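Numbering (our numbering), first residue to last: -8 to 446.
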């Protein structure tokens, strides 16, 4: 079947950025910044995005565009006879499914909080009542299944409409709306009475904080966040590379996506930190920063019900932009392997995703499983497989495939990446792509496994 293409360059940039811009940017980024000293972390994060994230993203787009396939068949198309790179395609395919096994539930949380905030469920609630709301939501099986199903139906329904009329059109609208909502929320936060303290903590490097936390810890955390924010290593970006034309060089396009991704992450902090400092809420709250902390903040704010509704709508768009990207990737992989039409593929992939996602949706109430420390769940297990294993290992393999003769090779990668107008990969960058990237990602991987909270 003929390969579908994006209708516009803007569509490619917004959809690729949308897939990268997920809850990692707007949920994980602010609390990681809070736990790692604020401004210094942000400085290192941007540095690692350029020297680590940019090469990997460019390589993944190149593999997608050269092969005109999803990750399931990209290596099969590009590898030399007798090689086994195609086996990684199946790992990438598994990674996308595993991601949806917990991401659909988390996106469902965002939808639920959007509706609950709009209904006024948090008006007059104490801090402990706000915390209990999240615990109760997870303890009701029907509630969790309902919101997970809604997310999956939306994701594959949009994909069934086609690449241009469905995924591209909806994602563009959603991303533009997300940026507008963020701008409004950020302006509101900037004028809060504690804004100056919050912004100072967030944006001004304080090297005393590094001394307290430890330079290595801050560097590793920044490298980690820069790497994971772009959703690379398991074909999430290769699929969009396969849909884009040869008129633009891929490094130039990758830079636009990274700028947009970083902009959203930074603005998320501008929304959150002034609010936390204004209402004297702990900025190192960790993962609960979003659901417990921010719900409490809006509860204390004038007009907080509507600001909170807008905030969680922004979170819904951020989560759904990734859901749409991954749904499209899963659908493309299955269609390439079976030859099914879009509608048939959407039904089968949707049902399959739902059955697999039940582990997470019911993991807080019915299907109890504590893989690591007490209190951990299926969500932690699936996240560990994807974030701590499949993504880093996939990125190392991608770098070896693109830069060494045992794979595709540097010359072929360079030819593909540099085709078209725009910024190009230079020959002097070869050591960064060939040595620094795989070494840095291997370090992140080993450090993450050694320091993981197994017990």
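For every residue, glycine included, the Cβ atom is placed at its ideal position computed from N, Cα and C.
These figures come from a predicted structure and were not determined experimentally.
Residues that residue i bridges to, as DSSP identifies them
i, result
"residue 239", "412"
CB-CB length for residue i against residue j, believed under 8 Å
i, j, result
"residue 383", "residue 372", "17 Å between Cβ atoms; not a contact."
"residue 147", "residue 370", "No, residue 147 and residue 370 are not in contact; Cβ-Cβ is about 21 Å, not under 8 Å."
"residue 321", "residue 81", "No, residue 321 and residue 81 are not in contact; Cβ-Cβ is about 13 Å, not under 8 Å."
"residue 48", "residue 228", "6 Å"
"residue 161", "residue 341", "With 8 Å as the limit, residue 161 and residue 341 do not qualify as a contact, their Cβ atoms being about 16 Å apart."
"residue 98", "residue 311", "6 Å"
"residue 166", "residue 5", "4 Å"
"residue 439", "residue 204", "Actually they are not in contact, since the Cβ atoms of residue 439 and residue 204 sit about 17 Å apart, beyond 8 Å."
"residue 158", "residue 51", "Actually they are not in contact, since the Cβ atoms of residue 158 and residue 51 sit about 18 Å apart, beyond 8 Å."
Reduced DSSP category for residue i - H, G, I as helix; E, B as strand; rest coil
i, result
"residue 353", "coil"
"residue 197", "coil"
"residue 259", "helix"
"residue 365", "coil"
"residue 228", "coil"
"residue 28", "coil"
"residue 210", "helix"
"residue 271", "coil"
"residue 116", "coil"
"residue 95", "helix"
"residue 77", "helix"
"residue 436", "helix"
"residue 248", "helix"
"residue 36", "helix"
"residue -1", "coil"
"residue 179", "helix"
"residue 359", "coil"
"residue 104", "helix"
"residue -6", "coil"
"residue 292", "coil"
"residue 61", "coil"
"residue 304", "helix"
"residue 426", "helix"
"residue 320", "helix"
"residue 342", "helix"
"residue 443", "coil"
"residue 234", "coil"
Beta-carbon gap between residue i and residue j smaller than 9 Å
i, j, result
"residue 386", "residue 230", "no"
"residue 339", "residue 325", "yes"
"residue 241", "residue 56", "yes"
"residue 67", "residue 345", "no"
"residue 293", "residue 96", "no"
"residue 260", "residue 191", "no"
"residue 224", "residue 2", "no"
"residue 307", "residue 20", "no"
"residue 102", "residue 141", "yes"
"residue 17", "residue 24", "no"
"residue 258", "residue 31", "no"
"residue 63", "residue 83", "yes"
"residue 413", "residue 237", "no"
"residue 0", "residue 333", "no"
"residue 149", "residue -4", "no"
Proximity test, Cβ basis, 9 Å: residue i and chain C
i, result
"residue 282", "No chain C appears in this structure, which consists of one protein chain only."
Within 8 Å, do at least three Cβ pairs link the region 27 to 40 to the region 213 to 222? yes
Determine contact between the region 115 to 122 and the region 72 to 79, defined as no fewer than three beta-carbon pairs at a distance below 8 Å. no
Below 8 Å, can you find three or more Cβ-Cβ pairs linking the region 261 to 269 to the region 170 to 185? yes
Pairing CB atoms from the region 346 to 366 with CB atoms from the region 427 to 439, are three or more of them under 8 Å? no
Are the region 12 to 28 and the region 240 to 260 in contact at 8 Å, needing three or more beta carbon pairs? yes
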